[in-house]
Structure formats: C-alpha cells, structure tokens
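**Q**
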Amino acid sequence: MSRSTAEATIAAYYAAFNAGDIAGMLVTLHDDFAHHVNEGATRLGKAAFAAFCDHMSASYKEELQGMVIMASADGTRGAAEFVVHGQYLKTDPGLPEAHGQRYVLPAGGFFTLKDGKITRVTTYYNLTDWTRQVQHG
403 MSRSTAEATI AAYYAAFNAG DIAGMLVTLH DDFAHHVNEG ATRLGKAAFA AFCDHMSASY
463 KEELQGMVIM ASADGTRGAA EFVVHGQYLK TDPGLPEAHG QRYVLPAGGF FTLKDGKITR
523 VTTYYNLTDW TRQVQHG
C-alpha cells in the first residue's frame, strides 16, 4: 500500500467522523480491527467500535478541525493531529455532569493499516484538560 492510499483512508475515516457517519467510518476499517482508547479497554472488532460510536454520538457533538495527516512511505502506519471542537450533551458515567458545555481540545490518532483498511487506531487526548474545561464551562 502507498503513502497516499494510507493518507486517503485516514482522511476518509475522519471525514465520516465529522459527518456523523458511523457506517462511513466502518467502511474504512479492516475486519481485524482494534480501537485503543486514551482511557479504558481496547475494543476489538467493528461491532464493538460501532457501539462505542453510538454511545459517543449520544453524549458528545464533535467536529475535528485543523487536520494534519501523515503516513509512512510503505503506507502501513499513519498519524493525524487535529483540534476537537465539541459540546458535552449527555453525562457519561464517571465524568462531570453534562449541560451543554463546549470544549476545545488538541488530540491525535495513530494508525496501522493493511490492504487499504485501518487495522488499529489509537486515540490520544488530555482527559484532565477536557475535565477542567467542562467543569468550568
């Protein structure tokens, strides 16, 4: 796979995210997929990821801006850096109470790709910064 194919796949994944298109995100994923999150257990498979996305869509409204996507020359690894502009809609268990607070949070994702599809995404953001913003917002 080429660098440009990897970058296009990652761009399609995030374009679907910004459109609220979970099915579009799933199309970019390999059948052997793992979602490593900043906080919590790894989710294995598309079904577990889809359930996570459904939950997130109910609790948060987010748009990723300032997207920069990079990939290795062989197209097997990639990364993206962006800024999350979000609104906290519904209280997530163990987190502060939601009442429509807005937040702006630098974040990123790291990818492994195979056969033109994403096999792993690891998401990074600063939960302490997010918590501070929603507690004071």
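Heads up: the sequence shown runs through residues 403 to 539, numbered per our numbering. We put the beta carbon where it would ideally sit given N, CA and C, even for glycine. Keep in mind it's a predicted model, so treat the numbers as computed, not measured.
1) Buried or exposed for Arg504, going by 16 or more other Cβ atoms inside 10 Å?
2) Give me the residue from Phe484, Lys519, Thr514 and Pro495 with the minimum Cα distance to Asn528.
3) For Thr430, I'd like the list of residues in its chain whose CB is within less than 6 Å of its CB, leaving aside the five on either flank, ordered along the chain.
4) Pick helix, strand or coil for His457, following the three-state DSSP scheme.
5) Looking only at DSSP bridge pairs, what is Val506 linked to?
6) Mind checking who Gln467 pairs with in its DSSP beta bridge?
7) Can you tell me the Cα-Cα spacing of Gly496 and Ala473, whole angstroms?
8) So, with DSSP's three-state summary, where would you put Lys516?
9) Keeping to the same chain, check which residues put their C-beta closer than 8 Å to that of Lys516; ignore five residues upstream and five downstream.
10) Any idea what DSSP makes of Thr411, helix, strand or coil?
11) Could you round the C-beta distance between His437 and Phe451 to whole angstroms and report it? I think they count as a contact, below 8 Å.
12) Identify which residue in Ala481, Ser461 and Phe513 has its Cα closest to the Cα of Gln489.
13) In whole angstroms, what separates the C-alpha of Thr493 from that of Ala500?
14) Can you tell me the Cα-Cα spacing of Gly511 and Ala482, whole angstroms?
**A** With the structure as the only source:
1) exposed
2) Phe484
3) Thr411, Ala414, Tyr415 and Ile520
4) helix
5) His487
6) Val485
7) 35 Å
8) strand
9) Met403, His432, Asp434 and Thr478
10) helix
11) 5 Å
12) Ser461
13) 5 Å
14) 5 Å
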